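**Q** This structure is in structure tokens; I'll ask about it shortly.
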Amino acid sequence: MSISTFIVNGLRTPLASVSLLALAVGMPMIAGPAFAQDSERPTVSKKKPATAGSTVALVNILVEQGVITQEQGQNLIKQADDEAYVARQAARDANAKATEAAATAAAAAAAASPPGSKRVTYVPDIVKRELREEIRQEVMAKAKDEGWASPGKYPEWASRIRIYGDIRGRWEGMWYPSGYSSGEMIDFNAINTGSPYDVSAANLKGYPTYNGSESRNRYRMRARLGLEADLAEGFIGGLRIATGSDSSPVSTNQTLGRSGGNFSKYALWLDRAFIKFEPFKNPHIGPNPDFAPDSVSLTFGRFDNPFWSPTDLVWDSDLGFDGLAINAKREVSPGFTPFFAAGAMPIFNTDLDFSTTEKEKFKSTDKYLFGGQIGFNWQATPQVGLTLGAGIYDYTNVQGKKSSPCDVSISQNCDTDNLRPSFAQKGNTYGYLRDIVPPPGWNGSDPYANPQYFGLASDFRPVVISGRVDLNHFDPIHVAIDGEFVWNSAFNRAEIEQNYVNNYSGTPGKSGKFEGGNIGWTTKVTVGHQKLDEYGKWSVNLGYKYLESDATLDAFADSDFGLGGTNLKGYFLGGSLAFSDSVSGTAKWMSATSIAGVPYAVDLLQFDVNAKF
């Protein structure tokens with residue numbers, strides 16, 4: 003029986019005249035004095051939770067008013083305590099079961115959901131903002147890592163491509179001192195790249211010749227644009243285009259006003275195109291780092307000079323090489339690094355149908371350069387560095403040979419015509435290529451046509467010694483001393499004297515003693531900054547060059563000194579100044595005279611403005 007039922011039933015006793023309404027109204031006034039007294043209060047068991055205070059107070063009032071006895075009141079309080087305890091226990095058990103059920107449901111939901119997912123029925127605004135910010139940070143982090151949304155950065159694929167280029171403007175003045183050649187130096191390149199020249203007495207027209215008397219000046223421009231792409235796993239691809247007045251291998255200068263004039267557009271040439279493979283950067287090869295060279299590369303196509311050369315005595319600075327090259331170097335001890343280079347380069351390939359006018363085609367006369375170089379770079383002290391290299395370069399099929407008897411009245415070509423140089427500057431010694439037979443019915447005395455091409459009188463296998471000493475006691479100002487020596491080991495004077503038409507002593511046009519030679523050397527001292535990559539940096543240089551006629555192929559020698567080629571000697575000086583990080587100016591003076599044959603001299607002054615990017 004509950005307390006409320008007990009009270010209602012108790013009120014049905016003879017004391018039921020006291021109504022519940024009166025009891026409820028009078029309770030505040032009655033309870034006040036009762037609680038003010040020091041009468042004994044029922045205690046609550048410490049083993050069970052305390053009962054509500056209002057129930058105990060109500061029972062006390064009923065006892066004081068005589069409605070129930072003291073014993074009945076104690077029983078009511080005890081019963082109330084028991085009921086409250088049971089209620090609390092039931093609530094606690096219910097809460098525990100609810101918590102367990104919620105955990106079970108959550109576990110089931112988690113098992114049914116993908117990892118990392120969250121299931122919510124309501125997301126407050128502050129949580130939404132936090133989620134948006136978190137997602138934004140994750141996206142930006144990924145974009146930054148992959149390089150597709152970072153300011154100033156390219157996507158990952160574009161970051162592997164390097165674009166570079168330069169533009170150079172030049173004014174050039176050329177002065178020919180008096181007392182030297184005036185239209186007597188034969189331009190063999192003009193003949194060999196055109197129609198053959200009739201050397202018979204019947205031909206009253208003169209040879210094509212070089213200017214040796216009239217001073218000139220010209221404005222020239224050079225523009226180059228290239229790229230290199232990292233193709234991953236040790237592969238690199240390269241491409242460059244450049245200007246040029248013609249297909250010359252040693253110059254990318256475009257003379258303004260030439261190539262048609264009247265503001266005609268200028269041609270662009272394929273100047274570089276190559277694939278390079280660095281095998282020890284390939285993860286599939288996995289070399290032993292204790293034995294692998296620091297750098298090994300195999301290059302195929304058209305590429306920069308693979309051989310180290312501190313001067314332009316043998317190789318012009320603009321020269322590109324075709325073919326296959328290998329380069330390697332390794333630091334074997336601190337500051338000492340040996341290097342190696344080798345290559346096989348075709349310099350001429352016989353036309354597939356040569357000769358087009360003959361039913362029986364002529365034998366191929368492909369020309370090659372096979373070269374090798376070894377050397378070392380040695381940092382002897384912190385202030386002194388030394389680089390030394392030695393190379394040998396063997397040319398095949400570059401020497402001219404007399405043809406089989408050739409009747410030009412019935413044949414357009416002779417079988418050794420392809421041995422003539424396809425490009426030349428000036429300086430090398432030449433001889434006749436064709437053995438022209440007299441025409442039918444020749445009377446034995448009258449001159450007959452003798453159209454000739456000209457081949458090189460010497461074979462070429464130059465040995466080149468190159469060196470540089472770098473002194474940086476006044477760093478960042480350096481003093482560099484460069485030197486180079488060349489000796490043509492295939493030169494045979496006796497063989498040349500059997501067939502030569504230039505580089506002889508005496509009066510031009512009349513045979514004299516052969517004066518050509520096979521050695522050359524140069525030295526240059528440079529003082530200043532090594533790189534002109536900051537405003538105010540500078541350098542000056544002074545040097546001397548001596549290069550005999552057949553020391554090396556004139557086709558590939560410097561194209562500026564003496565206006566290009568071999569058989570030249572003289573001095574040069576110059577200076578450069580940086581106007582900014584990427585723009586510099588250069589002035590250079592060169593004075594050259596010939597060594598053998600026709601007297602020739604030219605002074606050259608150049609002013610350049612160079613911009614690179």
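Residue numbers (the numbering used here): 3 to 615.
Ideal Cβ placement from N, Cα and C applies to all residues, glycine included.
Remember, it's a predicted structure, so these values are computed and weren't measured experimentally.
What three-state label does DSSP hand M142 in the structure shown?
**A** M142 falls in the helix class under three-state DSSP.
**Q** Going along the chain, which residues of its own chain have a beta-carbon closer than 8 Å to the beta-carbon of G572, five neighbours each way excluded?
**A** Here the set comprises Y546, K547, F563, G564, M592, S593, A594, T595.
**Q** What do you get for W444, buried or exposed, if any count of 16 or more other CB atoms within 10 angstroms of its CB means buried?
**A** Classification for W444: exposed.
**Q** What does the alpha-carbon distance come out to for the pair D610 and A559?
**A** Cα to Cα, D610 sits roughly 21 Å from A559.
**Q** Distance check for L421 and S411, CA to CA, integer angstroms please.
**A** Using only the alpha carbons, I get a separation of about 21 Å.
**Q** Which same chain residues, not among the five before or five after D147, have their C-beta less than 7 Å away from its C-beta?
**A** Cβ within range, chain order: n/a, list empty.
**Q** What's the C-alpha gap between G519 and F279?
**A** Using only the alpha carbons, I get a separation of about 40 Å.
**Q** Apart from the five residues just before and just after G28, which ones in its own chain have a Cβ nearer than 7 Å to its Cβ?
**A** Confidence is the limiting factor: at G28 the pLDDT is only 41, short of 50, which leaves the residue's position unreliable, though a coordinate-based value still follows. Closer than 7 Å at Cβ, skipping near neighbours: no residue.
**Q** Our contact map puts N505 next to A603 with C-beta atoms below 8 Å; I'd like the distance itself, whole angstroms only.
**A** Contact flag wrong, Cβ pair sits at about 16 Å.
**Q** Decide if W173 is buried, meaning its Cβ has at least 16 other Cβ atoms within 10 Å, or exposed.
**A** Exposed is the call here.
**Q** Identify the residues that DSSP records as bridge partners of R224: which are they?
**A** In the DSSP output, where bridge partners are listed per residue, R224 has R170.
**Q** What are the start and end residues of the beta strand (DSSP E) that includes N379?
**A** 369–383 is the span of the beta strand (DSSP E), which, as asked, contains N379.
**Q** If we ignore side chains and look at the alpha-carbon of each, how far apart do S253 and V600 end up?
**A** Taking the straight line joining both Cα atoms gives about 25 Å.
**Q** Buried or exposed for Y537, going by 16 or more other Cβ atoms inside 10 Å?
**A** That one is exposed.
**Q** So, is S507 buried or exposed, given that buried needs 16 or more other C-beta atoms within 10 angstroms?
**A** That one is exposed.
**Q** Should R170 go down as buried or exposed, given a rule of 16 or more other Cβ atoms within 10 Å for buried?
**A** Burial call: buried.
**Q** Please state the DSSP three-state secondary structure of M31.
**A** Low confidence applies to M31: its pLDDT is 39, below 50, so where it sits in the model is not reliable, and the reading given next is rough at best. Three-state DSSP puts M31 in a helix.
**Q** To the nearest angstrom, how far is the alpha carbon of E73 from that of R90?
**A** Roughly 26 Å between the two C-alpha positions.
**Q** Straight-line CA distance for A392 to A553?
**A** Cα to Cα, the separation comes out at about 16 Å.
**Q** Per DSSP, D610 forms a beta bridge with which residues?
**A** Per DSSP, R172, T588.
**Q** Have a look at L227, P198, Y212 and flag the residue whose alpha-carbon is nearest the alpha-carbon of I165.
**A** The shortest Cα separation from I165 among L227, P198, Y212 belongs to L227.
**Q** Pull the bridge partners of P453 from the DSSP assignment, please.
**A** Answer by DSSP bridge pairing, in chain order: D200.
**Q** For the beta strand (DSSP E) holding R242, just list the boundary residues, first then last.
**A** Unbroken beta strand (DSSP E) run through R242: 237–244.
**Q** Given 7 Å as the limit, tell me if P281 has its C-beta closer than that to any heavy atom belonging to the ligand GDP.
**A** For the structure depicted, the ligand GDP is absent and the ligand set is empty, with no information on it obtainable.
**Q** So G325 packs on P348, CB below 8 Å; how close in whole Å?
**A** About 6 Å separates the two Cβ atoms, so the contact holds.
**Q** Quick check on this structure: which residue in L570, D320, L534, Q454 has the alpha carbon closest to the alpha carbon of D200?
**A** Answer by Cα proximity: Q454.
**Q** Would you grab the beta carbon distance between G222 and L272 for me? Rounded to a whole angstrom, and I think it's under 8 Å.
**A** Checking the displayed sequence, the identity of residue 222 turns out to be Arg instead of Gly. Their Cβ separation, rounded to whole angstroms, is 20 Å, which puts R222 and L272 out of contact at 8 Å.
**Q** Let me know if L534 comes out buried or exposed under the rule of 16 or more other beta-carbons within 10 Å of its beta-carbon.
**A** The residue is buried, with at least 16 neighbouring Cβ atoms inside 10 Å.
**Q** Under 8 Å: do the segment 438–452 and the segment 190–210 share three or more Cβ pairs, one atom per stretch?
**A** They touch, by the three-pair rule.
**Q** Can you say whether F574 is buried or exposed, counting buried as having 16 or more other CB atoms within 10 angstroms of its CB?
**A** So F574 counts as buried.
**Q** How many angstroms separate the CA atom of I328 from the CA atom of N284?
**A** Going by the C-alpha atoms only, they are around 16 Å apart.
**Q** Taking N178 as the reference, which of N213, G208, Q139, F302 has the closest Cα?
**A** Note on identity: in this sequence residue 178 is Tyr, with Asn being the wrong assignment. Considering only alpha carbons, the answer is N213.
**Q** Report yes or no: do three or more beta-carbon pairs, one from the segment 458–468 and one from the segment 393–402, lie closer than 8 Å?
**A** As far as the Cβ criterion goes, the segment 458–468 touches the segment 393–402, which means the pair count is three or higher.
**Q** Is it the case that the Cβ atoms of R218 and L241 are separated by a distance below 8 Å?
**A** Not in contact: R218 and L241 (Cβ atoms no closer than 8 Å).
**Q** Classify M187: buried if its beta carbon has 16 or more other beta carbons within 10 angstroms, exposed otherwise.
**A** So M187 ends up on the buried side.
**Q** Pull the bridge partners of E230 from the DSSP assignment, please.
**A** Its beta-bridge partners are R164, G240.
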